[in-house]
Every structure is written in C-alpha cells, then in structure tokens.
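**Student:** Order-wise, the sequence lines are chains C and V. Count along the first sequence from 1, add 5, and you get the number used in the working numbering. Count along the second sequence from 1, add 1, and you get the number used in the working numbering. No residue lacks a Cβ here, since even glycine has one placed at the ideal position from N, Cα and C. Here the structure is a predicted model, which means the values were calculated and not measured.
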Amino acid sequence: MDFDFSDDQQALREAVAKWVEKSYDFERRQQIVKSGGFDRAVYNELAELGLTGIYVSEEYGGMGMGPVEAMVVLEELGRGIVTEPLAQAFVTSAVIQTYGSDEVKQQWLPKIASGEALVVLAQQERKARHQLGVCEAKAAKSGDGYALTALKNIVPAGDQADAFVVPAMLDGKLALFIVERAAKGVSTRGYLTQAESRAADVKLDNAPAQLITTDGLTALNFAVDVGIACVCAEGVGAMDQTLKLTTDYMNQRKQFGVTIATFQALRHRVADMKMQLELARSMSYYATLKLGAPEAERRQALSRAKVQLGNSMRFVGQQSVQLHGGIGVTDEYAGSHYFKVLTQLEMTYGDTLHHLGEVSQRMTETAGVFA
Amino acid sequence: MDLAFTPEELKFRDEIRDWVKGALPKAISDKVHQAQRLTRDDMQTWAKILGKKGWLGYGWPAQFGGPGWTAVQKHLFEEELAMAGAPRIVPFGPVMVAPVIMAYGNKEQQERFLPGIASGEVWWSQGYSEPGSGSDLASVRTKAEKKGDKYIVNGQKTWTTLGQYGEWMFNLVRTSNEGKPQTGISFLLIDMKSPGVSVRPIKLLDGEVEVNDVFFDNVEVPVENLIGEENKGWTYAKHLLSHERTNIADVNRAKRELERLKRIAKAEGVYDDQRFRDQIALLEIDVVALEMLVLRVLSAEKSGKNSLDIAGLLKIKGSEIQQRYTELMMLAAGPYSLPFIEEAMNAGWQGDQAAAAGLQGFPGGDVANATLAPSYFNYRKTTIYGGSNEVQRNIVAQTVLG
C-alpha cells in the first residue's frame, strides 16, 4: 500500500506540466476552439513527448508503462483543459493490446504509439444511452474481412481520427472491430461539444472492418473502464486548477473593503470544495489501481469511482462559478471553461446516476477498498 | 503506487485476526454487533485483555513498552478489532493523555502514570470543554492557583465522556490571565478521588448517560501533577488534538456498520427497494472514498511525506458518515424504530422473549430495532465534538486560502 509516485513518474508529470504551461496556454486553446476544437499539430506534439505510446508495450514501439503513468499525464492535461483526446490513445491501445490478435496488434499499436494514427472509441448509440450491451450496429462477414453498418454519436474527434474501434453485433453477439475513417462507406459529421472539444457522428454503410475480438462485450467493458479511469484523472487535474483559480480570485477580489477570502460563508464553501477534490483524487487513484483487477471487482470499483468523480466535479464546478460571481459566467474567463469541461466529463462513459445504479446492483455484504 | 498491502503486512493482519478471534469474549462482541449497551465492566474487561497482551497502547513506541508498530500496522490492528466487534478502546488514557505524558512529562510522571494506562487498570477522563468553552477551547476558565507545592483548582468541566467511571482526569486549566488566551493555560493531571471533585451525570437525548459535568471546589493538586511547563498547556493540547482527529475518522467501524445496515435493510425488506438501496450505495461509495483518504494519509506517514493538508478532512467526512449510517438504519426500520423499549438496550433481551411474555416482539429476524433511533439521536454528537465540523472547515479553509 503505497501512494507515492516514483521519480520517473514525477519527472513525467513535470515534463507534461511544462508542455502545458509553455505550449498550451488559454489563448492557444481558444484559438483551437475557434478552428473546430481539435488541432492535429497539438496531438503530434503530445506524440513527440512519447505520450501516445504510454500504454503500448515496448515490443510494439511504445513506452511500456501503465495506468499510473496515464493518470499522471491526464491529470496535467486536465489541469490545462487540453481538448485533444490523448485518452483515446490509451483506451484504444489498451483494448487492442489486451484483446487483439498478433496481426491486429502489429498493424495498429506502433501507429498509435507514434501518433501516426489517432484511433478512437466509437461506442455511443442513441438507444443505448450508457448500456454497453445495447447495440444496433451490425457486422457481417465480407470476403476475408467484415462489413459494418452503424451510426455512432459523439465520437471523440470523430471527423479527425484515422480509425475507430467500433462495437457491432456479429451473429447475435457483440464483437469489436476497427474501421478506418478513409474506408469506403464511412461518413462523418463533426461538431464542437459543450466543453469545446471535437466530436462527430460517424455513419458506417457496409464499411470494411477488421475484427479485434468476438468477445466484444468483455472487451468493450474493459475499454470503457480504462476510459473512466482517464476521465477521473482529467477531472482531478481540472478540479485542482479550478480550486486554484477560485482561491487566487478570492484572495484578490475586494468587496466591502476586504478580500472576499475573509468571509466565513465563502471559506466554508472552499473547504467543501477541497473535500470533494480530495475524495475525488482518492477515488481516481482507486480507479487507476483497480484497472488490473478481475472483471467483477474492476467494474464495481470503476463505477464507484465514477459516482464520486461525477458528484465532485459537479460540486466543484458549480461552487467555483458562484464564488467568482459575475466574472464566473463570462466566456472570456478561463474558469467558465473549466466548469464546462467538468460538466462534460461527468456525462462521459456513464453519468453519475448510471454508475450509482451499477454500484447498487453490485453491492455485496461486505464493502471497502479491498472488497 | 500500489494498492496492495505487503506480504509482511498481510501476515501481520492474519496474526491479529487469529488473536482477536480467540481473545474477544463473544458476550461482548455480540453487544457491539447489536449496538447494545456496554457496561463499565465490558469496556474494562476488553481493555485489560489488550493490556495484558501489551496492545492497549498499540500506538505507543517500543521505548515506552508499546509494540512500536508502523502506521499501517496500527491501521490493520484497528480494522481487525473493529470488524470482529471489539468495543472501541476508551481513548482518553492510551490514545490521548499517554502521548502527551511521553512527549512532555518528566521521567517520574512517565513511570508513575504510563503503566496504569498500558494495563487498562486506571480509567482516565478528559477535562477540556467547559460551559463557556466548546469549540473555543482557549477560553477555558477553570482556575489553578499555585500555593506552595499545590495548585488550588476551582471551576467546572463539562461533556466529560464516561467521566462517571473516571479515576484520573487530564485538564486544561488557567494559570495566567496575561497575554493571549492560549498563553495562560496549563496541563494538569487530577486524581478524581480528591476532596472537592464532584461528578454530575448528564442524561442525553437518547436516554443514556454518556457525558458528565465535573466540578472542582478548592481541589488541591500537587505541583508534581503538572505536565511540562506552566502556561504551555495549549501546545500540549494541540499535540493531543492532532491525535484525536486521525482517530475520529473511524473508517473501520464504518465498514462494519455498513454491513450491519445491509443486514437491517434486508430484514426490513427495503434492500430491494431501489430508492433505499441507492442510498446505501451512496454511503458505500463514501466509505470507500474515506478509506482511500485514510490509506493516503497512512502512505504519506510511511514515506515521511507531509500529509497535513488532508488529515483535517478525515474528521469531517468520518463524522458525516457515522451520522448517515445511523440515520439509514433507523429509516430502514421506519415506524418499527419508534417503540422505546428500555430493556432492549441491554444484552440478553430478545424480541422472542418479549413475545413469550405476551408482548409484541420486534420484527426483523435477529436484528433488534430498539437501538436504532437512540443511536441516530446519539450520533448527532459526532459533528459537534472533537472540534465541531464548522471549526474543522475553518482549519481546512486556512490551509487552502491562507
């Protein structure tokens, strides 16, 4: 039982923090937002730092690291509310590495690690909401491969990505495929999200696809759990910075002749924000460290973590806006953008009520970190 | 980063588990699992069993006869005791005053007082709060005037937990009115059998006597009972309060009570009611998050990293969780928590016995409901004592805002 970061992990954190500070200030972010919420040049910079290959083993050209390093990196990107979806590289490389054939791994992992290919998870369907087992997308055998017909929504950077990891029904059972965006039968419609990142609806019309695994639901659950751990880490980074912005503001904003940081009613809100942040950080560690646990234990843990993060992110975001007063609801102030990111993260990979239901259904007689 | 305990730590846990299984009297653990009344004898019996094993002062360093355990070992020990249904160790002696005597007492005081604390023979009480000094502890007015080789103590302490059993009492007393309120306070040990000490029990809203007023009327206390220097008591008290707060999170007991809540909810037929069950799930998430917070503090202690900025959160969250599980237990029983059956608070009482006597037994299988509402009422104390949660928020805000 040890929650200290190694020297290497600490160095990684500092390298990413330095990149955010130097290369991704709020002005650059908002320029990117104006031009659509995604900049491949930024993604390439992250790749040059080696970050796209964190989950990929060295055998396939990656860093051979794991969930803890991914968490460290995403905390720092969350702190800078970076819109480019590095988490997708973690999600898709993790699922390909764990469930893909040698051939699939050989073809995709080196490209994900180098940043040459941005591969994203395209699982969201209108009728499924958060239920991963509900899937209308259909796959059929086609020559040596498969053909997919599907409509997936809110796919991260969906009109910019190079390929998608797509769940679809094959012979009545969920399977997981890879589809290239440039392939025949693929069309996309891109848009900004509320938190100003890029997303798209992705339509597949008999699009050629490569099989990752026929054990699709198991693999998809794993991919989404990796995604939840990523959301938790980004959320912690974003909340950390939100609290910092809030306390900095409270210590300089004067009303009635004194800084508003002197008012006890406001100080207690800050204490409550700190509480929510630290509970969330604790549960983000928990989520990350449980990713390698057996499936039932892992899924219970990740759902518990997502409920905590969801509640914490909403609370910290809302309180921050309130404590800022009028400036907190303006577009020009960075704080309002953190609030929107925190809101979006709550609804990503299952919202709070969905995961509360999961925890509720999975409850056993005993409960704790180790049960 | 690693969530798992080391093989050595797990082996240690198993040893404790085996020992507790054999050493803890079933009659006592049954009461704890049912939240029934514990007598002074129950508490003393368990304290002496621990004392004999050398574990009542389980947090003590080896040089004072303690086991010299690491922070993680102490946590595992607390967990095994809690899960087995051991009574809480009455903290005033071994957890509160002993560390102060070790840190600031002289050798004679250590030799005189520590053995009786370690063995569980001597019952200690805490003399901090006064009618005018609750959260504002530095305003204490109980006066100790030095006359020759004695202090003459006059004043009143209140909320003295289990003071009706107390033999010795550690007190904050005012020895000077000069300077800031904090600077005139001394830390004095008082023999409660001294002439002029009187104890008045205070009945609480749950019908139980848990706390007391303690009056001092010209009580003579030898100067050798002063700990450290005169007027430095505030420093020593702060040392003590920092011990009290980490203890107060009590996450292991929360885990045990969460299990009990689930049993009660099942017996009362609300476990499968989604609305109720979600409330249990939320509590379960809270308990896991608190446990992670505690483990982070332990990890930081283990590696020597500063953990102070989150330790203050433990009291707030721990106490809120304690209130929530007592609340949900009562709500699970609903109207069947309402009958006030005094004798049901005691061990040996069973609904079916009452039924045999021609009275209506409590429904709910082997889960007695009589203690649920009293526990809920009683636990309102947790956000008030040990520095109210509002004071705790001031402290947390200070670390964040400056």
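Using a cut-off of 7 angstroms between C-beta atoms, extract the partners of Ile317/V located in chain C.
**Tutor:** Position 316 of the second sequence, counting from 1, holds the residue named residue 317/V. Met280, listed in chain order.
**Student:** Measure how close the beta-carbons of Glu131/V and Pro375/V come, nearest whole angstrom, since I'm counting them as under 8 angstroms.
**Tutor:** Along the second sequence, one-based indexing puts residue 131/V at 130. Along the second sequence, one-based indexing puts residue 375/V at 374. With a Cβ gap of about 27 angstroms, Glu131/V and Pro375/V do not count as contacting.
**Student:** Along the alpha helix (DSSP H) that carries Ser376/V, what are the first and last residues, could you check?
**Tutor:** Taking the second sequence and counting its residues from 1, one reaches residue 376/V at position 375. Where Ser376/V is concerned, the enclosing alpha helix (DSSP H) stretches over Leu373 to Asn379.
**Student:** Tell me, please, whether the CB atom of Ile249/V is closer than 8 angstroms to any CB atom in chain C?
**Tutor:** Position 248 of the second sequence, counted from the start, is the residue given in the question as residue 249/V. Not an interface residue.
**Student:** Please list the terminal residues of the continuous beta strand (DSSP E) segment that includes Thr126/C.
**Tutor:** Within the first sequence, residue 126/C is the residue found at index 121, counting from 1. With the sequence shown as reference, residue 126/C is identified as Leu, and Thr is not the correct amino acid for it. Run containing Leu126/C: Val124 to Leu126, per the beta strand (DSSP E) assignment.
**Student:** Determine the direct distance from the alpha carbon of Glu343/V to that of Val101/V, and round the result to whole angstroms.
**Tutor:** By one-based count along the second sequence, residue 101/V stands at place 100. By one-based count along the second sequence, residue 343/V stands at place 342. Whole-angstrom Cα-Cα distance: 39 angstroms.
**Student:** Starting from Tyr196/C, trace the beta strand (DSSP E) in both directions and tell me its first and last residue.
**Tutor:** By one-based count along the first sequence, residue 196/C stands at place 191. Taken as a continuous stretch (DSSP letters only), the beta strand (DSSP E) holding Tyr196/C covers Val191 to Leu197.
**Student:** Quick test of the definition: if touching needs 3 or more C-beta pairs under 8 angstroms, does the stretch 283–303 of chain C touch the stretch 199–216 of chain C?
**Tutor:** These segments do not touch.
**Student:** Is Phe6/V close to chain C? Criterion is C-beta to C-beta, closer than 8 angstroms.
**Tutor:** If you number the second sequence from 1, residue 6/V lands on position 5. Yes, its Cβ sits closer than 8 angstroms to a Cβ of chain C.
**Student:** Taking only beta carbons into account, state which residues of the stretch 204–235 of chain C come closer than 8 angstroms to chain V, listed in chain order.
**Tutor:** Answer set for the stretch 204–235 of chain C: empty.
**Student:** So, using beta-carbon positions, are Gln215/C and Phe268/C closer together than 8 angstroms?
**Tutor:** As a first step, residue 215/C is located in the first sequence; it is residue number 210 there, counting from the start. As a first step, residue 268/C is located in the first sequence; it is residue number 263 there, counting from the start. Cβ atoms of Gln215/C and Phe268/C: not closer than 8 angstroms.
**Student:** From Gly365/V to Pro88/V, what distance separates their C-alpha atoms?
**Tutor:** Locating residue 365/V in the second sequence gives position 364, where the first residue counts as 1. Locating residue 88/V in the second sequence gives position 87, where the first residue counts as 1. With a pLDDT of 41 at Gly365/V, under the threshold of 50, the predicted position of this residue should be treated as unreliable, and no value is reported.
**Student:** With a threshold of 16 other CB atoms inside 10 Å of the CB of Ser202/C, please say whether the residue is buried or exposed.
**Tutor:** Counted from its first residue, the first sequence places residue 202/C at position 197. Ser202/C comes out buried.
**Student:** Along the chain, which unbroken stretches of the alpha helix (DSSP H) at least 4 residues long are found entirely within the stretch 84–131 of chain C?
**Tutor:** Counting only runs of 4 or more, we get 91–104 and 107–119.
**Student:** To the nearest angstrom, how far is the alpha carbon of Asn395/V from that of Gly229/V?
**Tutor:** In the second sequence, the residue the question calls residue 395/V occupies position 394. In the second sequence, the residue the question calls residue 229/V occupies position 228. Roughly 29 angstroms separates the two Cα atoms.
**Student:** Would you call Ser11/C buried or exposed, if buried means 16 or more other Cβ atoms sit within 10 Å of its Cβ?
**Tutor:** Reading the first sequence from its first residue, position 6 is the one you call residue 11/C. Exposed, because fewer than 16 other Cβ atoms sit within 10 Å of the Cβ of Ser11/C.
**Student:** Report the residue ranges of all alpha helix (DSSP H) runs contained in full by the stretch 318–358 of chain C; include only those spanning at least 4 residues, in chain order.
**Tutor:** Counting only runs of 4 or more, we get 339–351.
**Student:** Along the stretch 28–51 of chain V, what residues have a CB closer than 8 angstroms to any CB found in chain C?
**Tutor:** Residues passing the 8 angstroms Cβ filter: none.
**Student:** Closest Cβ-Cβ distance between Gly387/V and chain C: below 8 angstroms?
**Tutor:** Translated into the one-based positions of the second sequence, residue 387/V becomes position 386. No, Gly387/V lies away from the interface with chain C (no Cβ there is under 8 angstroms from its Cβ).
**Student:** I need the straight-line Cα distance from Val368/V to Gly133/V, nearest angstrom please.
**Tutor:** Walking along the second sequence from the start, residue 368/V turns up at place 367. Walking along the second sequence from the start, residue 133/V turns up at place 132. Note on Val368/V: pLDDT 47, under 50, position unreliable in the model; the coordinate value appears next. Roughly 41 angstroms between the two C-alpha positions.
**Student:** Kindly indicate the opening and closing residues of the beta strand (DSSP E) around Met70/C.
**Tutor:** Your numbering for residue 70/C matches position 65 in the first sequence. No beta strand (DSSP E) contains Met70/C, which DSSP labels as neither H nor E.
**Student:** Whose C-beta lies closer than 6 angstroms to the C-beta of Phe216/V among residues of the same chain, with five residues either side of it excluded?
**Tutor:** Here residue 216/V refers to the residue found at position 215 of the second sequence. For Phe216/V, where only same-chain residues beyond five positions count, the Cβ hits under 6 angstroms are Gln157 and Ser199.
**Student:** To the nearest angstrom, report how far apart Pro72/C and Gln111/C are at their CA atoms.
**Tutor:** Looking up residue 72/C in the first sequence gives position 67. Looking up residue 111/C in the first sequence gives position 106. Each residue's alpha carbon lies about 22 angstroms from the other.
**Student:** Go through its chain and collect everything with a Cβ distance to Tyr151/C's Cβ below 8 angstroms, but skip five positions before and after it.
**Tutor:** Residue 151/C sits at position 146 when you count from the first residue of the first sequence. Cβ within range, chain order: Ala144, Ala145, Leu175, Phe182, Pro213, Ala214, Gln215 and Leu216.
**Student:** When we look at the beta-carbon of Ala292/C and count the other beta-carbons within 10 Å, is it buried (16 or more) or exposed?
**Tutor:** As a first step, residue 292/C is located in the first sequence; it is residue number 287 there, counting from the start. Buried: at least 16 other Cβ atoms inside 10 Å.
**Student:** Pairs of beta-carbons, one from the stretch 262–282 of chain V and one from the stretch 92–106 of chain V, closer than 8 angstroms: are there three or more?
**Tutor:** The stretch 262–282 of chain V vs the stretch 92–106 of chain V: no contact.
**Student:** With a threshold of 16 other CB atoms inside 10 Å of the CB of Glu19/C, please say whether the residue is buried or exposed.
**Tutor:** As a working note, residue 19/C is residue 14 in the first sequence. Looking at its Cβ environment, which holds fewer than 16 other Cβ atoms inside 10 Å, Glu19/C is exposed.
**Student:** Quick one: list the residues of chain V neighbouring Gln313/C, beta-carbon separation under 7 angstroms, in chain order.
**Tutor:** Residue 313/C sits at position 308 when you count from the first residue of the first sequence. Within chain V, the residues near Gln313/C are Ile286 and Ala290.
**Student:** If we call anything under 8 angstroms between Cβ atoms a contact, is Arg186/C one with Ala168/C?
**Tutor:** Within the first sequence, the letter at position 181 stands for residue 186/C. Within the first sequence, the letter at position 163 stands for residue 168/C. Taking 8 angstroms as the Cβ cut-off, Arg186/C and Ala168/C qualify as a contacting pair.
**Student:** Looking at the structure shown, is Glu146/V part of a helix, part of a strand, or coil, going by DSSP?
**Tutor:** Taking the second sequence and counting its residues from 1, the one referred to as residue 146/V is at position 145. Strand, per DSSP.
**Student:** Give a yes or no on whether the minimum CB-CB distance between Lys256/V and chain C is below 8 angstroms.
**Tutor:** Indexing the second sequence from 1 puts residue 256/V at position 255. Yes, because at least one Cβ of chain C sits closer than 8 angstroms to the Cβ of Lys256/V.
**Student:** When the distance is taken between beta carbons, is Tyr59/V closer than 8 angstroms to Lys49/V?
**Tutor:** Looking up residue 49/V in the second sequence gives position 48. Looking up residue 59/V in the second sequence gives position 58. No.
**Student:** Measuring straight from C-alpha to C-alpha, what distance separates Trp91/V and Leu241/V?
**Tutor:** As a position in the second sequence, residue 91/V is number 90, starting the count at 1. As a position in the second sequence, residue 241/V is number 240, starting the count at 1. Looking at the sequence provided, one finds Val at residue 91/V rather than Trp. Val91/V and Leu241/V: Cα-Cα distance of roughly 15 angstroms.
**Student:** Could you tell me which whole beta strand (DSSP E) segments of length 3 or greater appear in the stretch 17–55 of chain V?
**Tutor:** As far as the stretch 17–55 of chain V is concerned, it has no whole beta strand (DSSP E) run of at least 3 residues.
**Student:** What number of angstroms, rounded off, separates the C-alpha of Tyr166/V from the C-alpha of Lys256/V?
**Tutor:** For the purposes of this step, residue 166/V is identified with residue 165 of the second sequence, where counting begins at 1. For the purposes of this step, residue 256/V is identified with residue 255 of the second sequence, where counting begins at 1. So the two alpha carbons sit approximately 29 angstroms from each other.
**Student:** Between the C-alpha atoms of Leu283/V and Ile249/V, what's the straight-line distance to the nearest angstrom?
**Tutor:** Taking the first residue of the second sequence as 1, we reach residue 283/V at position 282. Taking the first residue of the second sequence as 1, we reach residue 249/V at position 248. C-alpha separation (whole angstroms): 21 angstroms.
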